[in-house]
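One line per chain: the protein sequences are A and B, in this order.
Mapping the first sequence onto the working numbering, position 168 (from 1) lands on 168, and the numbers just tick up by one.
The working numbering runs 1000 ahead of the 1-based position in the second sequence.
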Amino acid sequence: MHPDLAELLSLRDRLLSGDGPPESPAAQHLAGCAPCRLEFERLQRLRVAMRNAPVPLGAERLPEHGWSAVSARLGRRESQLAWPRPGWRMAGGLAGALLVAVGLAFFSGRTTHRAELTQPVVSASAADSMPPGDEVAALVAESQRLESVLAALPAEPTVARAGTVFTAAGLEERIEWIDFALGERSVRQADSARAQPLWQQRVDLLNSLVAVRYAQARTVSLSY
Amino acid sequence: MIRLTDIDSDPELVARAQAGERQALAEIYRRYSVATRIVVHRLITQRGLAEDLHQDTFVEVLQRLGELRDPQALGAWIRSIAVSKCLMHLRSPWHRSAVWLDQVADGWTGTAEQVHTDKYPDAPTGQKLDRALRRLSATARAVVWLYDVEEMTHEEIGQSFGRTASFSKSQLVRAHRRLRELLDNDPEKLTCTQISQSF
């Protein structure tokens, strides 16, 4: 009886790994059966051909900005980890209160105009009354909260409106540039006066991105 | 064709990267990137998506580099992360809803773009094989590639899919059967009518 494909594959792999028992029934059959031997050789050739197959289109060279994109994403994560500074606990209380207020407003289901969402989350009065270092810490905390909101939203659909995709991509790109700027030594070492506007912009952009992604998720859930 | 596990590892480079040296991280990206791209692009045929997964893979690799205990295993470790990312995508509802034809027919799974590339009758054997691979179902393609080219074991492949070694074995047989059909019935000669009849 002829060995089936599974047996031939198994025999091929045992022979290639050097464990092949030439006296096995399948191997003995192969020695005397030309069609099975042809099939066996075809499997061997196919394996070799696959290893020599052309590199898939587009995979043969690195994308132009591949490393800078990876580096920017790494930098963003590092800055999130590194930035909680002395005094952030005190600001954390304030940011926590703001967080609850913003979270309730966001998830209460009311229709939120985009212009409202892009307003600075830390209110002007609260920010004005804070020392500069605490102000930055509050913005860092708010930034982290918005990141966690983004992470909690459903993954982006494979198929999405091009306009939405470009809007989100544009916002992400601007956030990455800000992260790059925040990662610069001069900004890190300088007093927080230089960092504060950057963090404020980051929070504003994240607010916009949350709004876009939230709208995207709602559209997808309603369409099913 | 370069494979991740064929790349000579450099323990000193890994140590520098683990210490956070930016230049070393960039060098690891440079050395391992193309081989990673080959695996990802073989498993995921949508180019844009494959690009995203390739980038995600390196962000994770470089973030988690400190967890790597054996620098010699860097290539295999990167491969496991890349494969995991790809399979996670293949298991996702987004992917499943997009490629329902795979489950329905396990037949023609090509896109309009692939139909277009089939009009070249004098395409070399390598390209014919490439097209046949792309026409396999995503699962069969992943299994046959990981087993026959990447030399992963059935146990490793089964584990990657969250299944058993038997699952990998049966998928491998299925993939080879389908490959033979595709290569024997020269797909270059398929007409639109024949393609539509295969549904």
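Positions of the beta carbon are idealized from the N, C-alpha and C atoms, including for glycine.
Check whether chain A comes within 9 Å of residue i, counting only Cβ atoms and requiring the distance to be less than that.
i	result
Gly1126 (chain B)	yes
Gly1110 (chain B)	Low confidence applies to Gly1110 (chain B): its pLDDT is 43, below 50, so where it sits in the model is not reliable enough to give any reading.
Trp1077 (chain B)	no
Leu1014 (chain B)	Strictly speaking, residue 1014 (chain B) in this sequence is Val, with Leu absent from that position. By this cut-off, Val1014 (chain B) is not an interface position.
Val1083 (chain B)	no
Leu1182 (chain B)	no
Asp1102 (chain B)	Note on Asp1102 (chain B): pLDDT 46, under 50, position unreliable in the model; the coordinate value appears next. Chain A contact via Cβ: absent.
Thr1005 (chain B)	no
Arg1042 (chain B)	yes
Leu1179 (chain B)	yes
Arg1091 (chain B)	no
Ser1009 (chain B)	no
Against chain C, with Cβ distances strictly below 9 Å, would residue i count as a contact?
i	result
Pro3 (chain A)	Here chain C cannot be found, since the structure's protein chains are A and B.
According to the Cβ coordinates, are residue i and residue j closer than 9 Å?
i	j	result
Leu206 (chain A)	Leu150 (chain A)	yes
Leu171 (chain A)	Ser208 (chain A)	yes
Ser1160 (chain B)	Ser1084 (chain B)	yes
Ala1142 (chain B)	Arg1178 (chain B)	no
Leu1062 (chain B)	Arg1135 (chain B)	no
Gly1075 (chain B)	Ile1157 (chain B)	no
Arg1079 (chain B)	Thr1005 (chain B)	yes
Ser24 (chain A)	Leu11 (chain A)	yes
Ala168 (chain A)	Arg213 (chain A)	yes
Arg1037 (chain B)	Ala1050 (chain B)	yes
Ala26 (chain A)	Glu7 (chain A)	yes
Asp1155 (chain B)	Ser1170 (chain B)	Per the sequence shown, residue 1155 (chain B) should be read as Glu rather than Asp. Contact flag unset, no.
Ile1028 (chain B)	Val1039 (chain B)	no
Trp1077 (chain B)	Met50 (chain A)	no
His1176 (chain B)	Leu5 (chain A)	yes
Leu1043 (chain B)	Leu1090 (chain B)	yes
Asp1130 (chain B)	Ala53 (chain A)	yes
Ser71 (chain A)	Arg1016 (chain B)	no
Cys1086 (chain B)	Leu1053 (chain B)	yes
Gly1048 (chain B)	Gln1018 (chain B)	no
Ala195 (chain A)	Val136 (chain A)	yes
Ala1035 (chain B)	Arg1003 (chain B)	yes
Pick from the options: whose alpha carbon is nearest that of residue i?
i	options	result
Leu139 (chain A)	A:Val212, A:Leu182, A:Asp4 and A:Gly32	A:Leu182
Val55 (chain A)	B:Val1143, B:Leu1062 and B:His1041	B:His1041
Phe1058 (chain B)	A:Glu64, A:Glu23, A:Gly58 and A:Ala69	A:Ala69
Val210 (chain A)	A:Ile175, A:Ala26, A:Arg61 and A:Ala53	A:Ile175
Arg9 (chain A)	B:Gly1162, B:Thr1164 and B:Tyr1147	One detail in the question is off: residue 9 (chain A) reads as Leu in this sequence, not Arg. For Leu9 (chain A), the nearest C-alpha among the options comes from B:Tyr1147.
His230 (chain A)	A:Ser143, A:Arg194 and A:Gly32	Because chain A is modelled from 1 through 224, residue 230 (chain A) falls outside the range shown and cannot be assessed.
Glu142 (chain A)	A:Ala72, A:Arg45, A:Ala215 and A:Asp204	A:Asp204
Ile1081 (chain B)	B:Gln1072, B:Gly1066, B:Asp1056 and B:Asp1070	B:Asp1056
Arg45 (chain A)	B:Ala1138, B:Gly1126, B:Leu1065 and B:Ala1035	B:Gly1126
Ala1073 (chain B)	B:Thr1164, B:Asp1010 and B:Lys1128	B:Asp1010
Is the Cβ of residue i closer than 9 Å to any Cβ of chain B?
i	result
Ala152 (chain A)	no
Glu64 (chain A)	no
Val58 (chain A)	The sequence given here places Gly at residue 58 (chain A); Val does not occur at that position. True, the Cβ-Cβ gap to chain B drops below 9 Å.
Arg61 (chain A)	yes
Arg73 (chain A)	yes
Ala6 (chain A)	yes
Leu209 (chain A)	no
Leu11 (chain A)	no
Trp199 (chain A)	no
Ala69 (chain A)	yes
Exercise for review: Name, going along the chain, the residues of the stretch 1013-1033 of chain B whose beta-carbon falls closer than 8 Å to a beta-carbon of chain A.
Suggested key: Arg1022, Leu1025, Ala1026, Tyr1029, Arg1030 and Ser1033
Point to revise | Against chain A: residues of the stretch 1057-1074 of chain B by CB proximity under 8 Å | key: Phe1058, Val1059, Leu1062 and Gln1063
Practice item. Can you give me, in chain order, the residues of the stretch 39-54 of chain A that have a beta carbon less than 8 Å from any beta carbon in chain B? Key: Arg42, Leu43, Leu46, Arg47, Ala49, Met50, Arg51, Asn52, Ala53 and Pro54
Practice item. Output, in sequence order along the chain, the residues in the stretch 1129-1156 of chain B whose CB is closer than 9 Å to any CB in chain A. Key: Leu1129, Asp1130, Leu1133, Arg1134, Val1144, Trp1145, Tyr1147, Asp1148 and Val1149
Check your understanding: Got a sec: which bits of the stretch 1155-1172 of chain B sit with their beta carbon under 9 Å from any beta carbon on chain A, in order along the chain?
Key -> Lys1169, Ser1170 and Leu1172
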